[in-house]
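Residue numbers (this note's numbering): 6 to 215. All C-beta atoms in this analysis are idealised placements derived from N, C-alpha and C, irrespective of residue type, glycine included. Predicted model, so just to flag it, every value in this text is computed and none were measured.
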Ligand SMILES: C[S@@+](CC[C@H](N)C(=O)[O-])C[C@H]1O[C@@H](n2cnc3c(N)ncnc32)[C@H](O)[C@@H]1O
């Protein structure tokens, strides 16, 4: 399993199959809501999603939340994929550089996701990606802030760490939070895509708001 496959020239923490799927769901945008991403890093998931959204006529803000401050594992991951950043570097300029090639209505909220989500303006959400909140309290904060804005029957929720507990048995309890949430609200979600042999990501259609 290799989850570090560059998207074009952008270092990634997700595989090609997910980038392709993001472009597909973006291209199926219905116009009813915005896209929100929690955990954008250098743009390797935002850019393929935007690429699809644009083909569908997307003209709304794209909300991205991240601390965009490189830590050691991120520096190593970027280096392995041919991009040099340093510990503590502000990565937001690099995210803007990568996304500006495809879209310029980015609404970036830099810093703690839990804190910054308090500023979410309340636009209905059609595509909602979680690639940072994989444990509490961040996961519950994110659900509390964003779920009221999901559109039943329309919103796609991408939980990019859904199967992560399989890779980290020692942290199993704390990182089972995404899976437990879906299971506890089983009637509200329908699994629409996953690749459990290749990566930790799973996508769900929101049928009802829990
Ligand atoms: C898994 S990476 C995102 C990878 C990206 N989606 C991709 O596939 O290339 C998670 C990102 O979320 C950020 N992050 C994690 N927890 C956070 C928090 N509580 N507040 C803000 N950012 C956070 C990290 O700094 C990192 O940039």
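If you measure from the CB of residue i, is any heavy atom of ligand 1 nearer than 7 Å?
{"i": "residue 180", "result": "no"}
{"i": "residue 118", "result": "yes"}
{"i": "residue 45", "result": "yes"}
{"i": "residue 111", "result": "no"}
{"i": "residue 72", "result": "yes"}
{"i": "residue 202", "result": "no"}
{"i": "residue 25", "result": "no"}
{"i": "residue 50", "result": "yes"}
{"i": "residue 219", "result": "No answer is possible for residue 219: it lies beyond the span of the chain, which begins at 6 and ends at 215."}
{"i": "residue 19", "result": "yes"}
{"i": "residue 137", "result": "yes"}
Contact check, residue i vs residue j under 8 Å by CB: the rounded distance?
{"i": "residue 101", "j": "residue 111", "result": "7 Å"}
{"i": "residue 20", "j": "residue 133", "result": "That belief does not hold up - the Cβ atoms of residue 20 and residue 133 are roughly 20 Å apart, past 8 Å."}
{"i": "residue 187", "j": "residue 39", "result": "Not confirmed; about 22 Å, so no contact."}
{"i": "residue 118", "j": "residue 75", "result": "Not confirmed; about 17 Å, so no contact."}
{"i": "residue 47", "j": "residue 99", "result": "6 Å"}
{"i": "residue 179", "j": "residue 140", "result": "5 Å"}
Measuring alpha carbon to alpha carbon, tell me which of the options ends up nearest residue i.
{"i": "residue 121", "options": "68, 19 and 206", "result": "68"}
{"i": "residue 56", "options": "108, 84 and 65", "result": "108"}
{"i": "residue 14", "options": "49, 212, 118 and 193", "result": "49"}
{"i": "residue 200", "options": "169, 187 and 188", "result": "169"}
{"i": "residue 127", "options": "143, 139, 149 and 103", "result": "149"}
{"i": "residue 26", "options": "92, 58 and 37", "result": "58"}
{"i": "residue 104", "options": "86, 51 and 89", "result": "51"}
{"i": "residue 70", "options": "191, 99, 45 and 206", "result": "45"}
{"i": "residue 207", "options": "193, 190 and 183", "result": "183"}
{"i": "residue 191", "options": "10, 89 and 209", "result": "209"}
Cα separation between residue i and residue j?
{"i": "residue 197", "j": "residue 24", "result": "15 Å"}
{"i": "residue 135", "j": "residue 164", "result": "5 Å"}
{"i": "residue 6", "j": "residue 114", "result": "With a pLDDT of 43 at residue 6, under the threshold of 50, the predicted position of this residue should be treated as unreliable, though the coordinate-derived value follows. Roughly 31 Å between the two C-alpha positions."}
{"i": "residue 166", "j": "residue 181", "result": "9 Å"}
{"i": "residue 145", "j": "residue 116", "result": "17 Å"}
{"i": "residue 16", "j": "residue 195", "result": "30 Å"}
{"i": "residue 65", "j": "residue 12", "result": "23 Å"}
{"i": "residue 62", "j": "residue 32", "result": "9 Å"}
{"i": "residue 96", "j": "residue 106", "result": "16 Å"}
{"i": "residue 30", "j": "residue 151", "result": "19 Å"}
{"i": "residue 155", "j": "residue 35", "result": "14 Å"}
{"i": "residue 157", "j": "residue 81", "result": "40 Å"}
{"i": "residue 212", "j": "residue 161", "result": "9 Å"}
{"i": "residue 73", "j": "residue 28", "result": "23 Å"}
{"i": "residue 53", "j": "residue 143", "result": "25 Å"}
{"i": "residue 86", "j": "residue 171", "result": "24 Å"}
{"i": "residue 185", "j": "residue 93", "result": "33 Å"}
{"i": "residue 215", "j": "residue 153", "result": "9 Å"}
Is any heavy atom in ligand 2 found nearer than 7 Å to the beta carbon of residue i?
{"i": "residue 107", "result": "Ligand 2 is not among the ligands present in this structure, which contains only ligand 1."}
Name the DSSP bridge partner or partners of residue i?
{"i": "residue 111", "result": "67"}
{"i": "residue 12", "result": "15"}
{"i": "residue 210", "result": "161 and 195"}
{"i": "residue 41", "result": "68 and 133"}
{"i": "residue 74", "result": "95"}
{"i": "residue 155", "result": "130"}
Would a check of beta-carbon distances place residue i closer than 8 Å to chain B?
{"i": "residue 100", "result": "This model lacks chain B altogether, as it is built from one protein chain only."}
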